[in-house]
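Protein chains in written order, with the numbering used here: chain A, 2 to 574; chain B, 5 to 163.
Glycine included, every Cβ here is placed at the ideal spot set by N, Cα and C.
Note sheet for the following structure.
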Amino acid sequence: MHAPGEKLNGSEIFFECLRRENVSYIFGYPGGALLKVYETLYDIKDIKHILVRHEQGATHMAEGYARATGKPGVVLVTSGPGATNTVTGITNAYMDSSPMVIFTGQVPSSLIGNDAFQEADIVGITRPITKHNFLVKDVRELALTIRKAFYLATNGRPGPVLVDMPKDVLNAVCTFEWPETVEIRGFKPTVKCHQNQVEKAAHLIARSKKPLLYIGGGVISSDASEELKRLAIEQNIPVTMTLQGLGAFPGDHPLSMGMLGMHGTFWANQAVNNCDLLIAVGARFDDRVTGKTDTFATQAYKIHNDIDPTNVDKNVKVDLPVVGDAKHFLAAILKEMPEEKTDRSEWLADIRAWQKQCPLTYTNESDSLKTEYVIDEVCRQTGGDAVVTTDVGQHQMWTSQYYRFRKPRSIITSGGLGTMGYGLPAAIGAAFGVTDRPVVLFCGDGGFMMNVQELVTAVYYKIPVKIFLLNNSFLGMVRQWQELFHQEKYSFTDLGDSNPDFVKVAEAFGCRAMRAENPDEAKKAISEALAWNEGPVFVEFKVIKKDMVFPMVPAGASISDMLLDRLNPKTMV
Amino acid sequence: MKHIISVLVENKFGTLNRVASMFSARGFNLASISIGETEDPEISRMTIVTRGDDQIISQVLKQLNRLIDTIKVTDLTKQPHVERELLLMTMKLSRTTQHEIFELINVFKGKVVDIKQKSITIEVIGSPDKINTTIDIFRPYGIRELARSGAVAIHRGES
Ligand SMILES: Cc1ncc(C[n+]2csc(CCOP(=O)(O)OP(=O)(O)O)c2C)c(N)n1
Ligand SMILES: [Mg+2]
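If you want it as structure tokens, here you go:
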């Protein structure tokens with residue numbers, strides 16, 4: 002601990018600032034530009050540095066940690082290649098609005114611009130993929146810059162902020178000063194909603210016969226689940242969620258309609274196109290949700306609450322925009338709801354009928370294994386209470402359909418960017434933050450190989466993540482599109498001949514590993530894996546190759562045009 | 005429709021780049037952009053000329069506001085404002101044309117800033133429309149080089 006007024010060098014100031022920002026973990030990797038920082042770190046005990054095996058891994062870990070805890074994730078990497086390796090992870094956090102602060106070492110100020118060894122203009126490179134970024138030019142600006150970085154990352158719409166620190170700044174000495182408050186004149190997010198707008202929204206909600214709540218990740222990041230539950234349950238309003246919104250409302254509640262959009266449920270999409278009032282909260286009308294925008298919820302009056310004004314009227318024109326924090330919005334709405342309630346039994350009956358018409362189902366066979374079954378079984382055995390991370394592909398969409406998330410901060414998945422290789426490091430990061438719930442990863446055989454090196458990190462730090470590999474021997478999601486839309490030309494998606502022996506790979510990393518090839522084995526392996534917490538445990542599920550995720554809205558089509566299964570492309574009413 | 009947007013920004017390196025790259029990343033039209041320090045050396049004023057329908061312009065304004073280094077964003081288009089652009093232009097000069105050229109310079113209230121035997125450099129200040137007309141009119145006399153500043157604009161003062 003250092004006090005303001007002490008003479009400190011840049012590296013000491015760096016750690017003192019992190020301490021004051023309540024940072025518990027840094028995900029990092031050393032290098033030349035950071036030698037001084039790692040020298041200082043050598044004697045630091047109260048902030049844990051987690052050594053990753055690739056800087057991309059550090060960024061996804063930091064994001065997994067942030068998503069699981071709500072605290073900003075912190076990354077520390079060296080200049081040049083260390084910095085450029087973070088680009089995918091930063092973009093991912095930017096697209097999914099996760100709070101993160103990335104610290105990069107930089108060549109000495111005097112060499113910047115000279116194509117120095119391991120120089121990269123990381124501030125220039127990351128300008129369009131960060132909420133903001135800084136180059137620290139003077140050690141006297143370091144503390145204030147770090148303070149601003151954390152403030153920006155966590156206030157308003159969260160996002161990644163990068164701080165680039167030249168080597169000479171980290172060595173230079175100055176008097177440490179800690180700014181108690183931060184003032185950024187160009188950053189004044191609207192947190193409280195306009196009361197007029199709130200009253201108008203409440204009035205509409207109270208009178209609507211066929212309302213629908215469309216909930217996005219903003220409800221999770223603003224911790225507004227309790228308010229959402231009260232509003233939905235007290236007013237009898239069905240709830241559909243985006244991929245990032247899952248868990249905001251309990252998936253096992255009768256008012257939950259699961260996910261909407263491209264791989265959403267038939268009844269959620271049906272409800273969107275039949276509701277008379279759509280209440281979007283912390284969601285951004287992404288194209289995977291809306292399909293063709295001209296036909297999206299055309300019968301509905303649309304209310305849209307979001308903390309970021311740029312999300313309003315961006316993709317879909319709404320009738321009542323309410324800029325502000327989701328928690329504030331929902332709490333304010335609750336205060337305005339009248340005593341008498343509108344009867345919604347007919348609407349709810351319509352929805353139940355759609356649900357009966359096309360439920361989510363799969364058929365199990367005793368001698369082969371389906372991904373849907375594995376996810377369903379993990380959901381049963383964890384009671385829907387695990388923190389579930391996924392990679393990207395078919396297994397991700399099946400997770401959204403078959404894992405019934407009961408709590409917020411339960412799904413950690415790459416939505417906006419769709420980054421293969423996200424899952425394993427994100428799961429490890431989540432497990433650093435959450436120790437009272439199991440952390441589960443569902444991963445494909447393609448994506449697993451994209452950050453497989455982080456298995457070392459999990460083994461070394463004895464992280465009890467449950468790594469469930471759904472091995473269909475294919476880049477399954479691409480294969481699905483090839484089958485449906487590209488004349489069954491399975492161009493470079495069959496991994497069957499080239500995949501390694503995954504169990505041996507895991508074992509070589511020092512990880513406990515199992516394999517399951519039928520439902521009985523799967524059930525046993527899942528319960529063994531969930532019971533073992535000495536370190537990571539890996540299960541390879543050999544699932545059938547040619548399964549496809551349904552229902553599905555073809556890209557660019559109206560969400561009313563759902564393919565319900567392989568043989569039966571049926572159009573909705 | 006053409007819009008003229010005035011933006012107060014932090015006078016820091018990289019700010020112009022942030023604004024310009026936001027325009028290109030989001031596919032917004034950027035007809036001109038000019039920047040200079042204000043009476044407060046920590047703050048610069050940018051004048052941006054862009055085109056788009058109401059929906060696009062509303063996104064442009066919001067996206068500008070979202071940048072951390074922008075302090076105030078004003079769409080001047082529908083407010084009383086003054087808009088000016090500077091044109092510097094070098095033209096061929098010959099005995100047969102010089103008379104007409106001098107006359108036209110007067111018509112456009114231009115100034116001669118440099119004159120050689122076979123060339124003349126003039127400056128003209130005016131609205132971007134006036135600058136367009138000036139260039140069109142002088143074109144037949146043989147323009148050698150020209151430079152435009154892009155528009156700068158400001159609110160008209162209170163009465
Ligand atoms: C980094 C990256 N490269 C390529 C893609 C395109 N892509 C999306 S899903 C997918 C297939 C994923 O295969 P696998 O990991 O085996 O999962 P599955 O779909 O089989 O469940 C690919 C290649 C991507 N999303 N991310
Ligand atoms: Mg696969």
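Asked, Found
"Boundaries of the alpha helix (DSSP H) in which Q483(A) is found, first to last residue", "477 to 486"
"Pick from T420(A), M553(A), Y462(A), E484(A) that is closest to Q402(A), judged by C-alpha positions", "M553(A)"
"Opening and closing residue of the beta strand (DSSP E) in which L20(B) lies", "Counting along the chain, L20(B) falls outside any beta strand (DSSP E), though it belongs to the alpha helix (DSSP H) covering 19 to 29."
"Cβ of A29(B) within 7 Å of any chain A Cβ", "yes"
"Check: D502(A) C-beta below 6 Å from any heavy atom of ligand 2", "no"
"Sufficient close CB pairs (3 or more, under 8 Å) joining the segment 41 to 55 of chain B to the segment 92 to 110 of chain B", "no"
"Exposed unless 16 or more other CB atoms sit within 10 angstroms - verdict on H204(A)", "exposed"
"Any non-hydrogen atom of ligand 2 closer than 6 Å to D548(A) Cβ", "no"
"Proximity to V273(A) [Cα-Cα], best of P255(A), G252(A), T296(A)", "T296(A)"
"Residues from the segment 64 to 77 of chain B in contact with chain A, defined by Cβ distance under 8 Å", "K66, Q67, N69, R70, L71, I72, D73, T74, I75"
"Expected contact under 8 Å - CB spacing of K467(A) and L531(A) to nearest Å", "6 Å"
"Same chain, Cβ closer than 6 Å to V170(A), neighbours up to 5 away in sequence not counted", "G11, V137, V140"
"Burial state of N435(A), where buried means 16 or more other Cβ atoms lie within 10 Å", "Checking the sequence shown, residue 435(A) turns out to be Val, not Asn. That one is buried."
"Straight-line gap, F267(A) to D566(A) (C-alpha atoms, nearest Å)", "11 Å"
"One or two residues paired with G40(B) in a DSSP bridge", "R49(B)"
"Contacts around L335(A), its chain only, beta-carbon distance under 7 Å, and the 5 residues preceding and following it disregarded", "E228, R231, L232"
"Within chain D, the residues that V124(A) reaches when beta carbons sit closer than 8 Å", "Looking for chain D here will not work: the only protein chains present are A and B."
"Reduced DSSP secondary structure (H/G/I, E/B, other) of T391(A)", "strand"
"Stretch-stretch touch, CB-based, cutoff 8 Å, three pairs: the segment 145 to 155 of chain A with the segment 99 to 115 of chain A", "yes"
"Boundaries (first-last residue) of the beta strand (DSSP E) holding Y30(A)", "26 to 30"
"C-beta neighbour in chain B for F475(A), strict 7 Å", "no"
"C-alpha gap between K12(B) and D79(B), whole angstroms", "It is Leu, not Lys, that sits at residue 12(B) in the sequence shown. Looking at the two C-alpha atoms, the distance is approximately 12 Å."
"Any non-hydrogen atom of ligand 2 within 6 Å of F475(A) CB", "yes"
"Residues sharing a beta bridge with R516(A), DSSP", "E541(A)"
"Best match in V313(A), Y302(A), T299(A), P129(A) for proximity to F286(A) [C-alpha to C-alpha]", "V313(A)"
"7 Å Cβ cutoff met for V220(A) and V319(A)", "no"
"Chain A residues whose Cβ lies nearer than 9 Å to that of N21(B)", "G125, R128"
"Distance cut-off 6 Å: H396(A) Cβ against heavy atoms of ligand 1", "yes"
"Residues that DSSP places opposite M101(A) in a beta bridge", "G74(A), P161(A)"
"For G445(A), three-class secondary structure by DSSP", "strand"
"Residues that E14(B) contacts on chain A, provided the C-beta gap is smaller than 9 Å", "R186, G187"
"contact_flag[the segment 88 to 99 of chain A, the segment 60 to 69 of chain A] where n(CB pairs < 8 Å) is 3 or more", "yes"
"Cα-Cα separation between P322(A) and Q198(A), rounded to whole angstroms", "8 Å"
"Residue from L77(A), H50(A), Q397(A) with nearest C-alpha to Q57(A)", "L77(A)"
"Closer than 7 Å at the beta carbon, the chain B residues around L311(A)", "A quick correction: the sequence has Thr, not Leu, at residue 311(A). Going along chain B in sequence order, the residues near T311(A) (Cβ under 7 Å) are Q63, K66, Q67, R70."
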